[in-house]
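Numbering (my numbering), first residue to last: 59 to 382. Taking it in order: structure first as structure tokens, then the write-up.
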Ligand SMILES: Cc1cc2nc3c(=O)[nH]c(=O)nc-3n(C[C@H](O)[C@H](O)[C@H](O)COP(=O)(O)OP(=O)(O)OC[C@H]3O[C@@H](n4cnc5c(N)ncnc54)[C@H](O)[C@@H]3O)c2cc1C
């Protein structure tokens, strides 16, 4: 086994995904401790140029038409062959649909231990994971064999894993990729819905704490006064109170507004990974231990129903003063 830290570069439709840069930043911290290099694994077809913005030391590139888009069995076959040849200290994957799929099957098939939902690598090389919807933090160490790690967004900014200097490429010959069981037939773009929340500058996010469908109009009023829109966590969408196009998080949209006001949302990682890049987050929650306060710049520990009417009145009066 070498001391090198590998990461699987995620890309979709010709774009490197932010999670690849976040993993690069985490891998650099780990490599510092382990004394190895940071090596990106890039699988694709005519996609070698995608390596150019990543702050990795080298890229192992495998080119094959079957790797043009992600499918689990083509990726898995290639990774089994590549990891057997290189035997790295650790391999990072995004805790994404793609990363979770391929890392869990590699862990089973190659008997590699796996650390899930890592958000940070400490100075001493420990892996910090956030589990049970953000309520429990776990500290783990690398095992004495190649360790697989899935990385959550949140611990590192994508910019920390970007670079202008082009990394060296090592070409890797693909294994036999005939008779694959899974083939991609087409991409189906999600319906943007009435509003594209990923483009909004001000968002009011509502969670289970809103309690009833008819309370949503309070959040809509707040959003309207601030020139924004309403979005929601999963329980609100599951109740059918807002359309799926308003869902924020792992199974919904990633948003990057200037202002995100979170009303009665606990801050589970599946939600926060979709809001972490907002410029300013204001969290309103009656539970002082709610994990949403860990990512918010401003937090108000209060029953939202005690706050919202005076808040609406205050905003209205400030707006009236400035327009009068
Ligand atoms: C594979 C997978 C994918 C997922 N994808 C997503 C996703 O894309 N988006 C998403 O949001 N979730 C997703 N989830 C669900 C996620 O794990 C959480 O369950 C969900 O985000 C919790 O929503 P919530 O914060 O609204 O509800 P809860 O966790 O129930 O939190 C409600 C919060 O409201 C507060 N509260 C209650 N009453 C009041 C009040 N009167 N005033 C102030 N505060 C109050 C409570 O203190 C609590 O913190 C996913 C889960 C899985 C397993």
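Ideal placement from N, C-alpha and C gives every residue a C-beta, glycine not left out.
Let me know if residue 79 comes out buried or exposed under the rule of 16 or more other beta-carbons within 10 Å of its beta-carbon.
What you label residue 79 is simply residue 21 of the chain shown in a count that begins at 1. Per the 10 Å Cβ criterion, buried.
I want to know whether the region 110 to 127 touches the region 215 to 223 - three or more CB-CB distances under 8 Å.
They touch, by the three-pair rule.
Runs of alpha helix (DSSP H) wholly within the region 83 to 170 (minimum 4 residues, chain order)
130 to 144 and 155 to 168
Report all residues from its chain with a CB closer than 6 Å to the CB of residue 65; omit the five preceding and five following residues, and keep chain order.
Walking along the chain shown from the start, residue 65 turns up at place 7. So the list reads 81, 85, 98 and 150, once near-sequence residues are dropped.
Exposed or buried, residue 145, counting other C-beta atoms within 10 Å across all chains shown (16 or more means buried)?
Here residue 145 corresponds to residue number 87 of the chain shown, with the count starting at 1. Burial call: exposed.
Compute every distance between the C-beta of residue 363 and the non-hydrogen atoms of ligand 1, then say whether any falls below 7 Å.
Here residue 363 refers to the residue found at position 305 when the chain shown is read from its first residue. Flag set: Cβ of residue 363 near ligand 1.
In angstroms with no decimal places, state the Cα-to-Cα distance between residue 362 and residue 299.
Locating residue 362 in the chain shown gives position 304, where the first residue counts as 1. Locating residue 299 in the chain shown gives position 241, where the first residue counts as 1. If you take the alpha carbons of residue 362 and residue 299, they lie about 18 Å apart.
Taking the beta strand (DSSP E) that residue 188 belongs to, which residues open and close that run?
Along the chain shown, read from residue 1 onward, the residue named residue 188 stands at position 130. DSSP places residue 188 in the uninterrupted beta strand (DSSP E) bounded by 185 to 189.
Taking the alpha carbon of residue 228 as the point to measure from, which residue in 349, 319 and 143 has its own alpha carbon closest?
By 1-based counting over the chain shown, the position of residue 228 is 170. Nearest of 349, 319 and 143 to residue 228, Cα basis: 143.
In whole angstroms, give me the CA-to-CA distance for residue 225 and residue 266.
Residue 225 sits at position 167 when you count from the first residue of the chain shown. Residue 266 sits at position 208 when you count from the first residue of the chain shown. If I take the Cα positions, the gap works out to 46 Å.
Proximity below 8 Å, CB of residue 334 to CB of residue 212
On the chain shown, position 276 is the one that residue 334 refers to. On the chain shown, position 154 is the one that residue 212 refers to. Yes, Cβ-Cβ distance for residue 334 and residue 212 is below 8 Å.
If you follow the alpha helix (DSSP H) that residue 60 is part of, which residue opens it and which one closes it?
For the purposes of this step, residue 60 is taken as residue 2 along the chain shown, with counting starting at 1. Counting along the chain, residue 60 falls outside any alpha helix (DSSP H), and DSSP gives it neither H nor E.
Determine the direct distance from the alpha carbon of residue 351 to that of residue 322, and round the result to whole angstroms.
Start at 1 with the first residue of the chain shown, and residue 322 comes out as number 264. Start at 1 with the first residue of the chain shown, and residue 351 comes out as number 293. Using only the alpha carbons, I get a separation of about 11 Å.
Rounded separation between residue 359 and residue 230 - CA only:
The residue given as residue 359 occupies position 301 in the chain shown. The residue given as residue 230 occupies position 172 in the chain shown. Computed Cα separation, rounded: 54 Å.
Cβ atoms of residue 259 and residue 293: under 8 Å apart, would you say?
In the chain shown, counting from the first residue as 1, residue 293 sits at position 235. In the chain shown, counting from the first residue as 1, residue 259 sits at position 201. No, these two residues do not count as a Cβ contact at 8 Å.
Name the two residues that bound the continuous beta strand (DSSP E) containing residue 260.
On the chain shown, position 202 is the one that residue 260 refers to. First-last of the beta strand (DSSP E) with residue 260: 260 to 264.
Can the beta-carbon of residue 342 be found less than 8 Å from the beta-carbon of residue 317?
Here residue 342 is taken as the residue at index 284 of the chain shown, counted from 1. Here residue 317 is taken as the residue at index 259 of the chain shown, counted from 1. Contact: no.
Helix, strand or coil at residue 302 according to DSSP, with G and I counted as helix
Here residue 302 corresponds to residue number 244 of the chain shown, with the count starting at 1. Helix at residue 302.
Would you kindly work out how many angstroms separate the C-alpha atoms of residue 129 and residue 381, rounded to a whole number?
Position 71 of the chain shown, counting from 1, holds the residue named residue 129. Position 323 of the chain shown, counting from 1, holds the residue named residue 381. In a straight line, the C-alpha of residue 129 is about 56 Å away from that of residue 381.
Report whether the distance from the Cβ of residue 345 to the nearest heavy atom of ligand 1 is below 7 Å.
Taking the chain shown and counting its residues from 1, the one referred to as residue 345 is at position 287. Yes, since a heavy atom of ligand 1 falls inside the 7 Å radius drawn around the Cβ of residue 345.
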